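Chains as they are written, first to last, in my numbering: chain A, 1 to 197; chain B, 1001 to 1197. Below: one structure, written as structure tokens.
Protein chains: 2
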Amino acid sequence: MPKVTEEYRSARRDEIADAALRAFRRKGFQATSMAEIIAESGMSAGAIYGHYPSKSAIILDVATRVVGSRILDVERLAQTGPLAPPPTLPRVLIDGMLRAIGDPAIMLQLWGEGITDPEVRTIAWNVIERLRDALSAYISLWHQRTHGTPADEADVLAAEQVVLLISAVQGYVVQASLVPDFDAEAYLASVEKYLPR
Amino acid sequence: MPKVTEEYRSARRDEIADAALRAFRRKGFQATSMAEIIAESGMSAGAIYGHYPSKSAIILDVATRVVGSRILDVERLAQTGPLAPPPTLPRVLIDGMLRAIGDPAIMLQLWGEGITDPEVRTIAWNVIERLRDALSAYISLWHQRTHGTPADEADVLAAEQVVLLISAVQGYVVQASLVPDFDAEAYLASVEKYLPR
DNA sequence: GTCTATAGTAGGATAGAC
DNA sequence: GTCTATCCTACTATAGAC
């Protein structure tokens, strides 16, 4: 198995996944036809099916790629020393998300798809779960270092407060995707001002 | 135009919309076929198309019904005197939502559909907008009455704080729909404990 | 108004040449 | 690996009888 072929295959899958993502963004996962993915990728039907066995396999891979980059951000955050106060975390997470996927709307589409597609649901759930764990660890450590809170107390506080941080990110996604003149800066300012520290 | 016929037609549309909602809940808006809506309603194709011109008309009507009940709740809330502190509002809104539509997942599906369907998007956006206005009025009034804040200051505070309340509701919808063992009570307790009053 | 049957079309996926 | 051509299924919507 020559190394070139592996890399080539991988690059080809990337192309297909990118094209599919662009198509899904426009019409959603279900309403996008294979013909549209084929046209967007500039390849042919046969070429696509050589890399993915079915349309749902493409959906699954695209979903994994979209949330996968989020997981990396979050885990890295957990390892960094907790310097900034917790209410600033939503901005960090949202900035990372925008850099990685451009428009938050695809995340909202993915959540919606997760309701009816168990595999997509697992992917979405998984990232929320890891997000919660990583943020909890961060918040707990921040309380311990900043306010000298004992570890067990800090863990309880973190468990209570983390849901608000996650909701701040999720609320951003919903509102930025649906509200035409959404003021992102005002939103993040409010989050930073009013979430507990 | 006899009155009976109007009521009958309306009741028939209700039946169809209810059946469609049940089907959409299972498979999503796009992936649900007319055959499934027909089977779920117990009617025939001809009967359905006598009341709705197309599948997308059914989607639109169902979406309107789902968010429509929310609007009523919210507007009523704005008229009630602000007695309970703002952080308790998400619980009220979520309780109302659960009573009206049963499972929050359909709301998440609707938001996702809104990304690609402009009419659904308008419906979803509209309810968020009205939610924001009604909650803002409530919060402002609460600050004025409880802390004696001047009206103009209270309005500014309300505008800042309202986004957190909305995010709390939206975050609930996302997490309750996707997280398998979601602890709704713990979530609402955190919201009530940490949102600003 | 409602039913059955079906027209017409677009969809996902494959076969076989290169 | 990739392309072209195509199969077959499933879909939405309608026509015509009652």
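Beta carbons are placed, not taken as given, at the ideal position from N, Cα and C, and that holds for glycine. All values reported here derive from a predicted model rather than from experimental measurement.
Step through the CB atoms of chain B and report whether any lies within less than 8 Å of the CB of residue i.
{"i": "W142(A)", "result": "no"}
{"i": "K193(A)", "result": "yes"}
{"i": "S41(A)", "result": "no"}
{"i": "L93(A)", "result": "no"}
{"i": "A28(A)", "result": "Residue identity check: residue 28(A) is Gly in the sequence provided, not Ala. It does; some Cβ of chain B falls within 8 Å."}
{"i": "Q79(A)", "result": "no"}
{"i": "Y138(A)", "result": "no"}
{"i": "V156(A)", "result": "no"}
{"i": "A31(A)", "result": "yes"}
{"i": "L108(A)", "result": "yes"}
Could you compute how far the alpha carbon of residue i sits from the alpha carbon of residue j?
{"i": "V191(A)", "j": "V162(A)", "result": "13 Å"}
{"i": "A1159(B)", "j": "S1136(B)", "result": "6 Å"}
{"i": "E1119(B)", "j": "I1128(B)", "result": "15 Å"}
{"i": "L188(A)", "j": "Y172(A)", "result": "9 Å"}
{"i": "L93(A)", "j": "S54(A)", "result": "32 Å"}
{"i": "S1056(B)", "j": "T32(A)", "result": "16 Å"}
{"i": "D1133(B)", "j": "G1114(B)", "result": "21 Å"}
{"i": "L72(A)", "j": "M97(A)", "result": "11 Å"}
{"i": "P1085(B)", "j": "R1013(B)", "result": "40 Å"}
{"i": "A1047(B)", "j": "F1029(B)", "result": "20 Å"}
{"i": "P1196(B)", "j": "G112(A)", "result": "30 Å"}
{"i": "A186(A)", "j": "P104(A)", "result": "17 Å"}
{"i": "H147(A)", "j": "I139(A)", "result": "11 Å"}
{"i": "S41(A)", "j": "A19(A)", "result": "5 Å"}
{"i": "Y1194(B)", "j": "P1180(B)", "result": "24 Å"}
{"i": "R1009(B)", "j": "A168(A)", "result": "43 Å"}
{"i": "S177(A)", "j": "T80(A)", "result": "30 Å"}
{"i": "R70(A)", "j": "N126(A)", "result": "11 Å"}
{"i": "S1044(B)", "j": "A1011(B)", "result": "16 Å"}
At a CB-CB cut-off below 7 Å, which residues of chain B make contact with residue i?
{"i": "G114(A)", "result": "L1178"}
Once the 5 residues before and after residue i are set aside, which same chain residues still bring their CB inside 6 Å of it?
{"i": "I101(A)", "result": "V66"}
{"i": "H1143(B)", "result": "T1149, A1154, L1157"}
{"i": "R1025(B)", "result": "I1106"}
{"i": "D1183(B)", "result": "none"}
{"i": "M34(A)", "result": "K55"}
{"i": "D117(A)", "result": "none"}
{"i": "R1091(B)", "result": "L1188"}
Under 8 Å Cβ to Cβ from residue i, same chain only, skipping five residues before and after it: list those, please.
{"i": "M1(A)", "result": "With a pLDDT of only 49 at M1(A), under the threshold of 50, the placement of this residue in the model should not be trusted; the figure read from the coordinates follows. Counting only Cβ-Cβ distances below 8 Å, and skipping sequence neighbours, we find nothing."}
{"i": "A17(A)", "result": "I58, D61, V62, R65"}
{"i": "A124(A)", "result": "A63, V67, L110, W111, G114"}
{"i": "E75(A)", "result": "R130, A134"}
{"i": "R22(A)", "result": "E40"}
{"i": "K1027(B)", "result": "E1036"}
{"i": "A1151(B)", "result": "S1140, Q1144"}
{"i": "H1051(B)", "result": "R1009, R1012, R1013, I1016"}
The alpha helix (DSSP H) that contains residue i, what's its start and end?
{"i": "M43(A)", "result": "That residue, M43(A), is in no alpha helix (DSSP H); it is neither H nor E in DSSP."}
{"i": "G114(A)", "result": "105-116"}
{"i": "Q30(A)", "result": "No alpha helix (DSSP H) holds Q30(A); DSSP gives it neither H nor E."}
{"i": "R197(A)", "result": "No alpha helix (DSSP H) holds R197(A); DSSP gives it neither H nor E."}
{"i": "V1174(B)", "result": "1151-1178"}
{"i": "D95(A)", "result": "89-101"}
{"i": "A1078(B)", "result": "1055-1079"}
Under 7 Å between beta-carbons, which chain A residues line up against residue i? List them in chain order, please.
{"i": "P1085(B)", "result": "Correct list: empty, because the minimum Cβ distance to chain A is about 14 Å."}
{"i": "P1196(B)", "result": "Y194"}
{"i": "A1057(B)", "result": "Per Cβ cutoff of 7 Å: no residues; A1057(B) is ~16 Å from chain A at best."}
Are any of the Cβ atoms in chain A nearer than 8 Å to that of residue i?
{"i": "S1054(B)", "result": "no"}
{"i": "E1119(B)", "result": "no"}
{"i": "Y1187(B)", "result": "yes"}
{"i": "E1236(B)", "result": "Within the shown structure, residues of chain B are numbered from 1001 to 1197, placing residue 1236(B) beyond reach of any answer."}
{"i": "L1021(B)", "result": "no"}
Determine the chain A residues that contact residue i at a beta-carbon separation under 9 Å, and present them in chain order.
{"i": "I1166(B)", "result": "G171, V174, Q175"}
{"i": "E1160(B)", "result": "A186, A189, S190, K193, Y194"}
{"i": "I1128(B)", "result": "V174, Q175, L178, V179"}
Residues of chain B with CB closer than 8 Å to the CB of residue i, please, in chain order.
{"i": "A124(A)", "result": "L1178"}
{"i": "V163(A)", "result": "G1171, Q1175, A1186, Y1187, S1190, V1191"}
{"i": "A252(A)", "result": "Since the first residue of chain A shown is 1 and the last is 197, residue 252(A) is not available in this structure."}
By Cβ distance, which residues of its chain are closer than 7 Å to residue i, with the 5 residues on each side in sequence left out?
{"i": "V174(A)", "result": "L108"}
{"i": "A1078(B)", "result": "A1134, A1137, Y1138"}
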